[in-house]
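Asker: To convert, take the position in the sequence shown, counting from 1, and add 1393; that gives the working numbering.
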Amino acid sequence: MRRIRKWWRKGWAAAQGLSEAECADDPFVQFERWFAEAQRCGLDYPEAMTLATATPAGQPAARMVLCKGFDRQGFRFFTNYDSRKGQELAANARVALLFYWEPYERQVRIEGSVERLTAEESYAYFCSRPRGSRLGAWASAQSAPLGSRAELEATVKVYAEKFKGQDIPLPPFWGGYRCIPESFEFWQGRLDRLHDRLCFTQTGTGWQRIRRAP
Ligand SMILES: Cc1cc2nc3c(=O)[nH]c(=O)nc-3n(C[C@H](O)[C@H](O)[C@H](O)COP(=O)(O)O)c2cc1C
1394 MRRIRKWWRK GWAAAQGLSE AECADDPFVQ FERWFAEAQR CGLDYPEAMT LATATPAGQP
1454 AARMVLCKGF DRQGFRFFTN YDSRKGQELA ANARVALLFY WEPYERQVRI EGSVERLTAE
1514 ESYAYFCSRP RGSRLGAWAS AQSAPLGSRA ELEATVKVYA EKFKGQDIPL PPFWGGYRCI
1574 PESFEFWQGR LDRLHDRLCF TQTGTGWQRI RRAP
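Here is the structure:
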């Protein structure tokens, strides 16, 4: 049944395609439409996205993060500022984001740059996380070499004891970023590899849209 639903969705999206008439003139509106459909189709993490960074020397790196909200200001995600990605973003704020929603055969590429969220914004999100995740944020020096799993678990216990019976503060090395998009690409898989690709680039006054060959 699940498989039939999936095939139906794929077939429907591929047959419909993404025409210029159907696509919104504003990429944020188009993203909202596709994201809402992805949320409805039963994916565990429709908000999962690949975040690509690059060192100033041009070495790229990519990893998954969760998009914890988006609006016209950009796409927000949270992490450890001292992690590998955090260090790379401090040296080079240029990024690419990638969403892939397999049940609809849809991909969205976003390019732009990041800025840090304020400590207030980060704290608001931090407080919404389960206590265990908040302790984990304190205990994990994300991306640093770690001797053993036991070491990590012992560090969690140290922080659990330290913050026992009180609110867990925001770690000074943890928080959010906002990716401010400069370009979007909406890719709709279609039959015979004749996919639709509608691409938006920011101009001084709005967004310019073109179609690219698949
Ligand atoms: C589905 C998924 C979602 C993830 N979400 C996050 C996230 O929101 N923030 C984060 O720091 N790491 C997240 N991770 C872990 C990262 O992919 C990565 O391992 C970690 O951030 C360290 O990356 P870095 O060493 O390049 O900084 C996620 C991993 C997966 C598979």
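We treat Cβ as the ideally placed atom computed from N, Cα and C, and that holds for glycine.
In this structure, how does DSSP classify residue 1528 when only helix, strand and coil are distinguished?
Answerer: helix
Asker: Quick one: does the C-beta of residue 1478 sit closer than 7 Å to a heavy atom of ligand 1?
Answerer: yes
Asker: Do residue 1563 and residue 1515 have their beta-carbon atoms positioned less than 8 Å apart in this structure?
Answerer: yes
Asker: Kindly indicate which residue of 1493, 1517, 1402 and 1511 has the alpha-carbon position closest to the one of residue 1503.
Answerer: 1493
Asker: Assign residue 1436 to one of three DSSP states: helix, strand, or coil.
Answerer: coil
Asker: By a C-beta neighbour count over all protein chains shown, 10 Å radius and 16 as the cutoff for buried, is residue 1474 buried or exposed?
Answerer: The residue is buried, with at least 16 neighbouring Cβ atoms inside 10 Å.
Asker: Taking just the CA atoms, how far does residue 1595 sit from residue 1606?
Answerer: Across the structure, residue 1606 and residue 1595 are spaced so that their CA atoms are roughly 20 Å apart.
Asker: For residue 1585, which three-state DSSP category applies?
Answerer: helix
Asker: Relative to the alpha-carbon of residue 1554, which residue among 1416, 1525, 1429 and 1498 has its alpha-carbon at the smallest distance?
Answerer: 1525
Asker: Which first and last residues belong to the alpha helix (DSSP H) in which residue 1545 is found?
Answerer: For residue 1545, the enclosing alpha helix (DSSP H) has its first and last residue at 1542-1555.
Asker: Please find out if some non-hydrogen atom of ligand 1 comes closer than 7 Å to the beta-carbon of residue 1441.
Answerer: yes
Asker: Label residue 1501 either buried or exposed according to how many other C-beta atoms from any shown protein chain fall within 10 Å of its C-beta, with 16 as the threshold for buried.
Answerer: buried
Asker: Between the Cα of residue 1471 and the Cα atoms of 1520, 1465, 1498 and 1434, which residue gives the shortest distance?
Answerer: 1520
Asker: Ordered along the chain, which non-local residues of its own chain (more than five positions away) have a Cβ less than 7 Å from that of residue 1441?
Answerer: 1457 and 1459
Asker: Indicate whether residue 1423 and residue 1434 have their beta-carbon atoms separated by less than 8 Å.
Answerer: no
Asker: Any heavy atom of ligand 1 closer than 7 Å to the beta-carbon of residue 1518?
Answerer: no
Asker: Just checking, does the region 1407-1414 make contact with the region 1581-1588 on the three C-beta pairs under 8 Å criterion?
Answerer: yes
Asker: Mind checking who residue 1518 pairs with in its DSSP beta bridge?
Answerer: Paired residue(s): none; residue 1518 is not in a bridge.
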